[in-house]
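J.: Each protein sequence line maps, in turn, to chains A and B.
Residue numbering for the first sequence follows the numbering used here, beginning at 15 and increasing consecutively.
Residue numbering for the second sequence follows the numbering used here, beginning at 4 and increasing consecutively.
Glycine included, C-beta positions come from ideal geometry on N, C-alpha and C.
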Amino acid sequence: MIRDSRRDPTRRLKDILWVLTFVGIIAMIFRFAYGLGATTDLSDGVPWGLWKILNMVAGAALATSGFTIGFLGHVLHIKQFQKLVKPAIVVAFLGYGSSLFALLFDIGLPWRFWHPFVYWNIHSFLFEVFWCVSFYFLVTFLELSPTLLERLGLGKLHGYMHRAASVFVIIGITLSSLHHTSLGSLFLVSPQRLHALWYSPLISVMFIVSAMGGGMMLLLVIKVLYSWWYEPDKLFHVTSSGAVVECKACANPDDNGHGKTLEAPDLPMIRTLATVAAGILGFYLLMKVADLILRPEAMATLVAGNWESWLFGVEMVIGVIVPIIMVCIPSVRRSTVALASAGAMAAFGLMLNRVNTGIFGYFRDAGVIYVPTAIEWAITLGVLSMAGLAFFFLVENFSVFNENWRKKGSESLNITSAFDHLTYVWHYRMLTGLERVTLIAVIVLPLSWIFLNPSYHNPVFNEVQPPLAVDVERDTLQLDGNRAGVSTMFAHAAHQERLGGSESCGVCHHLSLPGDQATPCAECHRYMESPADIFDHDAHKAYVADSRGLGGIHPENMSCAECHQEHEAETALSASNCFECHQEDMSPTDAVAIQGHLGMQYAAGYHTAMHGVCIQCHDSDEQKLAYDNPELGECATCHYAVQPADLADDGVLLTQTQE
Amino acid sequence: MAGMLIDVTRCTGCETCVAACVRENHLDPVLADRDKATVPDGLSENRFTTVIRLDESHFAKKACMHCEEPGCVRACLVGGLTIGANGNVEYDPDKCIGCRYCMLACPFHIPRYEWSATVPFMKKCEMCEDRLAQGQIPACAEACPHDAILYGEREFLIEQANLRFSENPGRYIDHIWGEHEFHGTNVLYISDVDLISLGWPALNTVSHSIPHHTETMLKATPFIGGSVLAGVSGLSWIIRRRMELMNGNSHDDKGGMEQ
């Protein structure tokens, strides 16, 4: 059956959803092929990202209408909400289904998703969330099943399921009230880490209350969108004089003569729903205010005016305060579109609240920023797009909103010119069915494969070789700091004895590894950004920024490219040669030649390093021991050069020649 | 309950403990890029312990504090984290599903994830479980050349700490980090500088264990479930009954389903 796709207002949206779905599928493949580290920006600082917070925590919150409308319609038997029960169940089913699906990509070992059913920790809120969400998803499926069975013609089964409906509704409400509070309780475990604005002892209650309000608001938006898309006959618009004009002509969206605001039907129901939702949000607002007053530390951060306060402000103003005010304004209450706008803002605010709580609230403590990668966005949006397409499929093929829904028949084609044949192919042949989707797939799949392919890899480090063999077992060591083939003899045992025996290593060696007392430089100077490293990375950043006159609020953060190659991971490998700046500090004649490390040829010589260690004592002891060893401070006391020819094959000194 | 007493005044930042830990746990001595870029304290899948430079002349070893009431143990939904026989917090990779909730629940940011692996697990110090089982002391405590890490029973360590306070008046701040913080940890610190940068709460503030924060809600949960189930069922039954009586027959109102 060919539908007039040009008149299908959902066509463009569906195209976009298909594109996102295919991009998401490619991203999913990469996620499993390369692992979390390569495909996400999650880190030890911010371990929970888009998939868990946006898809799961926010997704579940936005799908609360499944139980709230179920309560209003099936338990309280409020007539006007009963026709919303089925759409609400569809939203809940798809919301929870997509959340659980997205979780499979988020957890590290998705094939163990069943573990919490077998291995229990009943003291974990995540355990409770997992159980309740899984079973609630099952319940929404059972609640939905009469609608599906009805269409499939399984009348008898349909009857059984139908009779059990109110039992499912009650179980669903119980599971929902449990897991929505537990979703909030999840964050109770990080009082030190979550920002004070969002960490509250009341967070569990706040989560369920805000979810109930925001979820209803989202359902209201969906209801109005549905009417726009599928009930063109019922739309009307209100003229400036206040008269209501039926708007059958609006069936042709190309004809804009009727005015811009297309009002959806069922205004009384939408208004009541918005009022109930606004009431719940009002309660939520009171809780938030009370919470801020009771916790001075949160109030302090709110008035501090940092970016968290702004995020919190946006969330509360757009998501709670403005929608409540809007629902109270009489002119808004007369317009389904205005009410739906309030609903959309509330739903956005709810989503922002969850993202603030789960992601932004952790930034300050973690000290790192999390910017989701393209693959993370692709999977998040891909999963949501799949849910969106499933929504259209259910709405178009089952009696979800409208009991008498049947697909419209094909309409006659009116081809007037040769050019229109192309239009015909685009609109009527390619665009309704499988061909259209295939076309999208053929274009999108390879493109997203190319653009999403993660380029992440771990470079292999070239490790610095220790200085030339130093035999610690011998009494006398040959020190060839510059690897010039010229050694200096060093009476290690004698020094050690003089300085206090085996306890004295620390006098000269600023560190001492067991069994390897002469530690190669590289043992310490390897992780240059480590706070414990001698190389002061922060000081280098500040000095470089200052000396090169870099701008910005934090010029030191602009300095990366001064030493590290641009567009490459900032590692030692991509760093400039230290020698470029430290030429004077590292004279080539007094340097250790280092090959393969950092592309650097010279490091401060062992010579210099040893001098730093030895000369200090020799100088001071020369004064003290002048009567005993007056030459202690002279170079030749130590430096009687040893040529390689003087050494036997095993490196033992044969002769000593005084220089 | 055994643990370790870390004396910050004795630590010279030589990282011998780190090297010993890397050797004992067969970690990769070379850090992955990612590990270095994202974590200020240097802990990662390849470093169960690191040495933090507190200021110019003070260093401190950081690793799992092995809390007596650990947040991670409370958080793990499959019970993959447990308290071992020696008071050390153990990890069972066979149960783990990779949800990373333990990472969120640790006030010290200890659990780290194998981000570079396609089949990843959580990684953290388990106080050398295998060595303890063989009667040895943890590798870091054995390796420390300056005796900055003392392994022993927790009571003994507290005694030792107090002994050092009395023997070296003025050398230490008279406080044992971990004795009461977060309801007590098995790794204790004594120091002459504040240890906030290791993740400890400020001196003389009350800090509860992570499970303590969840206790109220956890106890309320069965009550919430039970009361909602009972309340909604009751409400449903009453309303249904009243509707039946009002209609004067057994009209079965299934709401919108049968419109």
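For the alpha helix (DSSP H) that H554 (chain A) lies in, which residues bound it at each end?
T.: Where H554 (chain A) is concerned, the enclosing alpha helix (DSSP H) stretches over H551 to S561.
J.: Please look up how many angstroms separate the CB atoms of P590 (chain A) and M400 (chain A), rounded, as I've assumed it's under 8 angstroms.
T.: In the sequence as presented, Pro is not what sits at residue 590 (chain A); that position holds Ser. Contact flag wrong, Cβ pair sits at about 47 angstroms.
J.: Using a Cβ-Cβ cut-off of 6 angstroms (strictly less than) and excluding sequence neighbours within five positions of A556 (chain A), which residues of its own chain qualify?
T.: Excluding sequence neighbours, A556 (chain A) sits near E570.
J.: Rounded to the nearest angstrom, what separates Q510 (chain A) and F504 (chain A) at their Cα positions?
T.: Roughly 11 angstroms separates the two Cα atoms.
J.: Between which two residues does the alpha helix (DSSP H) holding M301 (chain A) run?
T.: Its alpha helix (DSSP H) spans residues L281 to L308.
J.: Could you pull the start and end residues of the beta strand (DSSP E) that K222 (chain B) belongs to?
T.: Unbroken run through K222 (chain B) is the alpha helix (DSSP H), I213 to N250; no beta strand (DSSP E).
J.: Among A:G84, A:I187 and A:L158, which residue has its Cα nearest to the Cα of Y174 (chain A)?
T.: The shortest Cα separation from Y174 (chain A) among A:G84, A:I187 and A:L158 belongs to A:L158.
J.: Could you give the first and the last residue of the continuous alpha helix (DSSP H) run that contains A361 (chain A)?
T.: First-last of the alpha helix (DSSP H) with A361 (chain A): T350 to G372.
J.: By a C-beta neighbour count over all protein chains shown, 10 Å radius and 16 as the cutoff for buried, is H194 (chain A) buried or exposed?
T.: Buried, because 16 or more other Cβ atoms sit within 10 Å of the Cβ of H194 (chain A).
J.: Who does R56 (chain B) pair with in a DSSP beta bridge?
T.: The partner list for R56 (chain B) (beta bridge, DSSP) reads B:F62.
J.: Hey, how far is the Cα of K98 (chain B) from the Cα of L233 (chain A)?
T.: In a straight line, the C-alpha of K98 (chain B) is about 39 angstroms away from that of L233 (chain A).
J.: So, does the CB of R126 (chain A) fall closer than 9 angstroms to a CB anywhere in chain B?
T.: With 9 angstroms as the cut-off, R126 (chain A) counts as an interface residue toward chain B.
J.: Once the 5 residues before and after G381 (chain A) are set aside, which same chain residues still bring their CB inside 7 angstroms of it?
T.: Result list for G381 (chain A): G59, in chain order.
J.: Pull the bridge partners of R115 (chain B) from the DSSP assignment, please.
T.: Answer is B:K126, bridged to R115 (chain B).
J.: Verify the CB distance criterion: does I227 (chain B) have a CB-CB separation below 9 angstroms to chain A?
T.: Yes, I227 (chain B) counts as interfacial toward chain A.
J.: Quickly, what does DSSP pair S47 (chain B) with across the bridge? List them, please.
T.: Beta-bridge pairing links S47 (chain B) to B:R50.
J.: Is there a Cβ of chain B sitting closer than 9 angstroms to that of A380 (chain A), yes or no?
T.: It does; some Cβ of chain B falls within 9 angstroms.
J.: Since L114 (chain A) contacts G402 (chain A) with CB under 8 angstroms, what's their CB separation in whole angstroms?
T.: That belief does not hold up - the Cβ atoms of L114 (chain A) and G402 (chain A) are roughly 16 angstroms apart, past 8 angstroms.
J.: Of all Cβ atoms in chain B, is any one closer than 9 angstroms to the Cβ of L123 (chain A)?
T.: True, the Cβ-Cβ gap to chain B drops below 9 angstroms.
J.: Within its chain, find whatever has a CB closer than 8 angstroms to the CB of P528 (chain A); leave out the 5 residues flanking it on each side and keep chain order.
T.: Only weak support exists for where P528 (chain A) lies, its pLDDT of 37 falling under 50; the value from the coordinates is given anyway. Answer for P528 (chain A): no residue qualifies.
J.: DSSP on T188 (chain B), reduced to helix/strand/coil?
T.: Three-state result, T188 (chain B): strand.
J.: Out of A:M230, A:K28 and A:G49, state which residue places its alpha-carbon closest to the alpha-carbon of A356 (chain A).
T.: Ranking the options by Cα distance to A356 (chain A), first place goes to A:M230.
J.: Please determine if the stretch 56-71 of chain B and the stretch 124-143 of chain B are in contact, where contact requires at least 3 C-beta pairs separated by less than 8 angstroms.
T.: Cβ pair count under 8 angstroms is three or more, so yes.
J.: Give a yes or no on whether 9 angstroms exceeds the smallest Cβ distance from V122 (chain B) to chain A.
T.: Yes, V122 (chain B) counts as interfacial toward chain A.
J.: Going by DSSP in three states, C99 (chain B) sits in which element: helix, strand or coil?
T.: Looking at C99 (chain B) - three-state DSSP - the assignment turns out to be coil, as it is neither helix nor strand.
J.: Opposite Y154 (chain B) in the DSSP bridges: which residues?
T.: B:M7, per the DSSP bridge assignment.
J.: Could you please tell me which residues of the stretch 171-192 of chain B, in chain order, have their CB closer than 7 angstroms to any CB of chain A?
T.: Those residues of the stretch 171-192 of chain B that come within reach of chain A (Cβ to Cβ, closer than 7 angstroms) do not exist; the list is empty.
J.: Quick one: Cα of L27 (chain A) to Cα of P73 (chain B), how far?
T.: One C-alpha to the other measures close to 48 angstroms.
J.: Against chain A, with Cβ distances strictly below 9 angstroms, would M68 (chain B) count as a contact?
T.: By this cut-off, M68 (chain B) is not an interface position.
J.: Helix, strand or coil: how does DSSP classify F250 (chain A) here?
T.: In the structure shown, F250 (chain A) sits in a strand (DSSP, three-state: E or B).
J.: Determine the chain B residues that contact L202 (chain A) at a beta-carbon separation under 8 angstroms, and present them in chain order.
T.: Neighbours of L202 (chain A) on chain B, chain order: H216, T217 and M220.
J.: Of the residues that make up the stretch 57-83 of chain A, which ones have a beta carbon closer than 7 angstroms to any beta carbon in chain B?
T.: Result list: S57, D58, G59, P61 and W62.
J.: Could you tell me if R207 (chain A) is buried or exposed, where buried requires 16 or more neighbouring beta carbons within 10 angstroms of its beta carbon?
T.: Buried.
J.: Does the Cβ of S345 (chain A) have 16 or more other Cβ atoms within 10 Å, making it buried, or fewer, making it exposed?
T.: S345 (chain A) should be labelled exposed.
J.: Please report the distance separating the alpha-carbon of I55 (chain B) from that of T371 (chain A).
T.: Going by the C-alpha atoms only, they are around 29 angstroms apart.
J.: Give a yes or no on whether 9 angstroms exceeds the smallest Cβ distance from H112 (chain B) to chain A.
T.: Answer yes: the Cβ-Cβ gap between H112 (chain B) and chain A drops below 9 angstroms somewhere.
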